[in-house]
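One structure is given here, and the rest of the page talks about it.
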Amino acid sequence: MEQLSMFAGPRPTLTVSDISRVLRALIESEGMLQDVWVRGEVTNFSRPRSGHWYFTLKDHNAQLPCVMWRSTAELQAHIPKDGDQLEVHGGLSVYEAGGRYQLYVDEIRTSGEGALYQRFVQLKAKLEAEGLFDPARKRPLPAWPRRIGIVTSPSGAALQDMLQTLARRFPLAEVVLAPAAVQGEEAAAEILRALAGLNQFAQPDVILLARGGGSPQDLAAFNSERLVRAIVASAVPVVSGVGHETDFTLADFAADLRAPTPTAAAELATPNQADLAAQIAALQQQLARYSPAALIARQGQRLDELALRATRALGGRLELLRAGLGAAQARLAALSPEAVLQRGYAIVARPGGAVLSSAAAAQPGEA
Numbered sequence: 047m048e049q050l051s052m053f054a055g056p057r058p059t060l061t062v063s064d065i066s067r068v069l070r071a072l073i074e075s076e077g078m079l080q081d082v083w084v085r086g087e088v089t090n091f092s093r094p095r096s097g098h099w100y101f102t103l104k105d106h107n108a109q110l111p112c113v114m115w116r117s118t119a120e121l122q123a124h125i126p127k128d129g130d131q132l133e134v135h136g137g138l139s140v141y142e143a144g145g146r147y148q149l150y151v152d153e154i155r156t157s158g159e160g161a162l163y164q165r166f167v168q169l170k171a172k173l174e175a176e177g178l179f180d181p182a183r184k185r186p187l188p189a190w191p192r193r194i195g196i197v198t199s200p201s202g203a204a205l206q207d208m209l210q211t212l213a214r215r216f217p218l219a220e221v222v223l224a225p226a227a228v229q230g231e232e233a234a235a236e237i238l239r240a241l242a243g244l245n246q247f248a249q250p251d252v253i254l255l256a257r258g259g260g261s262p263q264d265l266a267a268f269n270s271e272r273l274v275r276a277i278v279a280s281a282v283p284v285v286s287g288v289g290h291e292t293d294f295t296l297a298d299f300a301a302d303l304r305a306p307t308p309t310a311a312a313e314l315a316t317p318n319q320a321d322l323a324a325q326i327a328a329l330q331q332q333l334a335r336y337s338p339a340a341l342i343a344r345q346g347q348r349l350d351e352l353a354l355r356a357t358r359a360l361g362g363r364l365e366l367l368r369a370g371l372g373a374a375q376a377r378l379a380a381l382s383p384e385a386v387l388q389r390g391y392a393i394v395a396r397p398g399g400a401v402l403s404s405a406a407a408a409q410p411g412e413a
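Rendered as structure tokens:
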């Protein structure tokens, strides 16, 4: 079917697919749109079972749907989350089935990451060369911390997570908070003062240095050279719990133990009271089993059993001997001459002593 236009002659009617193909061809033919960096805030991030990443980049005025295929996503060191400020590289095209244009992403970096990352790498190499990150320098954590120092923001969720974890696992420990800003221009100085104050005055058994996740800019205070040296110089072990599991800072490398999250830092720094109760119960059982009184009681029982067995064995042996003796006495009695005489037998002898062996040998009238 053809329609009339007031500006030109008749033109064919296009299908939706036709329009999508034309737009796709136009966009993909524009070289600038096929090699472009785009900056924005991540929203609607999803990672379905297919392994592909789907998210939207937005600024104050617009939104741009983005896709990263699984083969590329698997190579990324950091998984984005809603709220992250990112710079992504890729090419623009049209998703015809959805009727929208979207960016097919092949590289991701945190917004402003380039200069920050270079400084991070250079400082890390310098401090590592000094041996400040050497595993041999790391100190073991106390098994039973009586006092635990915490350096973090007093208003952050990280503090509440740690306090709940400490109360659940080891409520006997005293907790001392040294409040400090954990991002912003004053954060590094406040963290240093808090760390020094704990070492000088509170003297805890272990210090937890923590904050929630954030962008590299948010975590910049924990990449301070002065903080690294302060952690190394701390009189007590330091556990870092900065950011999320995929975030690493120079403070993590310097700490005596690195935890992936603030909650994990509290867990690693304390024993679990439930495990302790089970260990104590097991030790009590061992003490009861190996105590002198228990050993004496068991040996006494053993002696009683042996005495009873000896008595029974001796009694049985005596009964056997008595039975044998009785049988022998019976045989002797049966063969005794007296027993024969008692049955009516007699020995007949003449006055001279000669014994008559039969009745035929007796003479009439002989007495």
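In this text, residue positions in the sequence shown follow this note's numbering: the first is 47, and each later residue adds one.
The beta-carbon is built from N, C-alpha and C at its ideal position, and this holds for glycine as well.
Pick out whichever of the options has its Cα sitting closest to the Cα of residue i.
i	options	result
Asp128	Gln206, Glu351, Trp99	Trp99
Leu244	Arg257, Glu232, Val221, Leu265	Val221
Arg183	Phe299, Arg272, Glu313	Phe299
Ser201	Lys104, Ala380, Ile393, Val228	Val228
Asn107	Ala213, Arg85, Gly97	Arg85
Phe281	Leu178, Gln246, Leu273	As written in the sequence, residue 281 is Ala, which differs from the Phe given in the question. With distances taken between Cα atoms, Ala281 lies closest to Gln246.
Thr102	Tyr147, Leu60, Ser63, Met78	Tyr147
Ile125	Gly346, Ala311, Ala395, Glu153	Glu153
Arg192	Leu364, Val252, Ala323, Cys112	Val252
Ala203	Arg257, Ala379, Gly361, Arg358	Arg257
Gly136	Val82, Gly145, Leu314	Val82
So if DSSP puts residue i in a beta bridge, which residue, or which two residues, is it bridged to?
i	result
Phe179	Bridge partners of Phe179: none, in fact.
Ile253	Gly195, Val284
Thr156	Leu132
Glu365	According to DSSP, which records beta bridges pairwise, Glu365 is partnered with nothing at all.
Gly224	As written in the sequence, residue 224 is Ala, which differs from the Gly given in the question. For Ala224, which the question treats as bridged, DSSP gives the partners Val197.
Pro111	Thr102
Per DSSP, what kind of secondary structure is residue i in: helix, strand or coil?
i	result
Asn245	helix
Met47	For Met47, the predicted structure reports a pLDDT of 48, less than 50, and the residue's modelled location is therefore unreliable. A value from the coordinates is still provided. Three-state DSSP puts Met47 in coil, outside helix and strand.
Arg93	coil
Thr309	helix
Asp264	coil
Gly259	coil
Ala395	strand
Glu76	coil
Glu120	coil
Gly218	The question names Gly, but residue 218 in the sequence shown is Leu. The answer is coil: DSSP assigns Leu218 none of H, G, I, E or B.
Gln20	Residue 20 cannot be examined here, being either before or after the span of the chain that is shown, 47 to 413.
Gln25	The chain is shown only over 47 to 413; residue 25 falls outside these bounds and no answer can be derived.
By how many angstroms is the C-alpha of residue j removed from the C-alpha of residue i?
i	j	result
Pro283	Ser261	27 Å
Ala276	Tyr163	22 Å
Glu87	Gln325	50 Å
Val288	Leu273	13 Å
Gln80	Asn269	35 Å
Pro346	Ser286	The residue you asked about is not Pro; residue 346 is Gly in the sequence shown. Cα-Cα distance, rounded: 57 Å.
Asp64	Glu76	19 Å
Arg396	Ser404	12 Å
Ala334	Leu314	32 Å
Just checking my contact of residue i with residue j at CB under 8 Å: how many whole Å lie between their CB atoms?
i	j	result
Thr309	Thr211	5 Å
Leu265	Thr292	At roughly 12 Å, the Cβ-Cβ gap does not stay under 8 Å, so Leu265 and Thr292 are not in contact.
Would residue i count as contacting chain C if we go by Cβ distances under 8 Å?
i	result
Ser117	Among the chains in the structure shown there is no chain C, since it carries only a single protein chain.
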